[in-house]
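Novice: Residue numbers in the sequence shown follow the working numbering, run continuously in steps of one, and reach 302 at the last position.
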Amino acid sequence: MAAAAPPPPPAPAPEPNAELPEDQLLGHPLFARIRLATTSDVPHIHKLSHQMAVYHRLAHLFSATEQSLSSTLFNPPPFQSFTIFILEVSPTPLPSHHPPTSSLFTPILKTFNLAEPITDPEDAAFAVTEIGAPAVVAGFVLFFPDYSIFMAKPGFYIQVLFVRECYRRKGFGKMLLTAVASQAVKLGYGRVEWCVLDWNVNAIRFYEMMGAEVLQDCRTCRLIGDALEAYGNENF
67 MAAAAPPPPP
77 APAPEPNAEL
87 PEDQLLGHPL
97 FARIRLATTS
107 DVPHIHKLSH
117 QMAVYHRLAH
127 LFSATEQSLS
137 STLFNPPPFQ
147 SFTIFILEVS
157 PTPLPSHHPP
167 TSSLFTPILK
177 TFNLAEPITD
187 PEDAAFAVTE
197 IGAPAVVAGF
207 VLFFPDYSIF
217 MAKPGFYIQV
227 LFVRECYRRK
237 GFGKMLLTAV
247 ASQAVKLGYG
257 RVEWCVLDWN
267 VNAIRFYEMM
277 GAEVLQDCRT
287 CRLIGDALEA
297 YGNENF
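1. Residues in the same chain with beta-carbon distance under 7 Å from residue 303, minus the five sequence neighbours each way, listed in chain order, please.
2. Leaving out five residues on either side along the sequence, give the residues of the same chain with a beta carbon under 8 Å from the beta carbon of residue 112.
3. Considering only C-alpha positions, which residue in the set 253, 144 and 281 is nearest to residue 102?
4. Since residue 184 and residue 261 are thought to touch, with beta carbons under 8 Å apart, how far apart are those beta carbons, to the nearest angstrom?
5. Which runs of the beta strand (DSSP E) spanning at least 3 residues fall entirely within the segment 119-183, listed in chain order?
6. Should residue 290 go down as buried or exposed, given a rule of 16 or more other Cβ atoms within 10 Å for buried?
7. Does the segment 153-161 touch the segment 181-199, meaning 3 or more C-beta pairs lie closer than 8 Å?
8. Using a threshold of 9 Å, state whether the C-beta atoms of residue 177 and residue 95 are closer than that.
9. If you draw a straight line from the C-alpha of residue 244 to the C-alpha of residue 302, how long is it?
10. So, with DSSP's three-state summary, where would you put residue 111?
11. Whose C-alpha, out of 271, 170 and 252, is nearest the C-alpha of residue 280?
12. Does the beta-carbon of residue 276 have 16 or more other beta-carbons within 10 angstroms, so that it is buried, or is it exposed?
13. Kindly indicate which residue of 123, 256 and 181 has the alpha-carbon position closest to the one of residue 219.
14. Are the beta-carbon atoms of residue 163 and residue 149 separated by less than 9 Å?
15. Grab me the residues of residue 213's own chain with a C-beta within less than 6 Å of its C-beta, minus the 5 sequence neighbours each way, in chain order.
16. Compare the Cα-Cα distances from residue 242 to each of 97, 208 and 284 and report the closest residue.
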């Protein structure tokens with residue numbers, strides 16, 4: 067069977083209007099918040115991860131469960147190991163604090179002034195109920211520290227950056243990536259890196275427009291499954 071064609075090129079993402087007071091915003095304002103994830107977000111993280119696997123044509127490799135995510139993602143402190151930022155959006159302003167993680171990270175707030183309202187067919191499945199506002203989870207980013215021996219500095223490696231389909235090409239992906247880069251600068255880190263599939267022209271153009279260098283001379287190497295297990299029986 068022939069491979070599916072790559073997604074069409076993206077339309078330019080409109081810049082959100084965050085300069086006007088809320089009572090002077092025109093169009094359709096949408097309020098966004100980035101905060102640290104907690105174990106209570108695992109059901110949403112699991113659904114988002116499966117959607118990402120489908121989008122990248124890797125659903126056959128998806129074996130994560132809510133239980134396995136809960137037991138592996140949240141043991142070390144954030145920014146010292148696996149860290150997830152959750153992106154929430156709402157038609158009404160979102161709180162500037164998140165009590166479960168307030169001592170670790172201050173949420174990032176931004177107002178997007180959209181030309182048209184967004185119709186979210188999955189709003190019930192991604193609803194956030196504990197903040198007292200009609201908010202939904204629109205995306206997330208998973209990252210963790212790595213190290214550059216050339217720079218003698220740590221950095222962040224982004225494993226996953228995903229925005230649900232109806233919220234794409236609005237500036238939310240840039241907001242998530244900026245949040246990671248901002249945290250790297252705050253910690254004195256030297257770089258932020260990630261991979262992109264070569265057929266994903268939408269993402270490549272998006273990253274290039276943000277100023278990222280897309281390296282042409284690198285390939286990802288991976289041991290997984292039986293190939294990895296074979297090394298468990300090696301004699302040294």
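Note that CB positions come from ideal geometry on N, CA and C, so glycine has one too.
Specialist: This is what the structure holds:
1. Residue 303 lies beyond the residue range present for the chain, which begins at 67 and ends at 302; the question has no answer from this structure.
2. If you number the sequence shown from 1, residue 112 lands on position 46. 130, 131, 132 and 135.
3. By one-based count along the sequence shown, residue 102 stands at place 36. Closest option to residue 102, Cα to Cα, is 144.
4. Counting from 1 along the sequence shown, the entry for residue 184 is found at position 118. Counting from 1 along the sequence shown, the entry for residue 261 is found at position 195. At roughly 28 Å, the Cβ-Cβ gap does not stay under 8 Å, so residue 184 and residue 261 are not in contact.
5. DSSP runs (the beta strand (DSSP E)) wholly in the segment 119-183: 149-156 and 174-180.
6. Here residue 290 corresponds to residue number 224 of the sequence shown, with the count starting at 1. Exposed, by the Cβ-count rule.
7. yes
8. As a first step, residue 177 is located in the sequence shown; it is residue number 111 there, counting from the start. As a first step, residue 95 is located in the sequence shown; it is residue number 29 there, counting from the start. Yes, these two residues count as a Cβ contact at 9 Å.
9. As a working mapping, residue 244 is identified with position 178 in the sequence shown. As a working mapping, residue 302 is identified with position 236 in the sequence shown. Straight-line Cα distance between these residues: approximately 44 Å.
10. Walking along the sequence shown from the start, residue 111 turns up at place 45. Residue 111: helix per DSSP, three-state reduction.
11. Here residue 280 refers to the residue found at position 214 of the sequence shown. Comparing Cα-Cα distances from residue 280 to each of 271, 170 and 252, the minimum goes to 271.
12. Counting from one through the sequence shown, the residue named residue 276 turns up at place 210. Residue 276 should be labelled exposed.
13. Counting from 1 along the sequence shown, the entry for residue 219 is found at position 153. Closest option to residue 219, Cα to Cα, is 256.
14. For the purposes of this step, residue 163 is taken as the residue at position 97 of the sequence shown. For the purposes of this step, residue 149 is taken as the residue at position 83 of the sequence shown. No, the Cβ-Cβ distance between residue 163 and residue 149 is not below 9 Å.
15. Here residue 213 refers to the residue found at position 147 of the sequence shown. Closer than 6 Å at Cβ, skipping near neighbours: 220.
16. For the purposes of this step, residue 242 is taken as the residue at position 176 of the sequence shown. The option with the nearest alpha carbon to residue 242 is 208.
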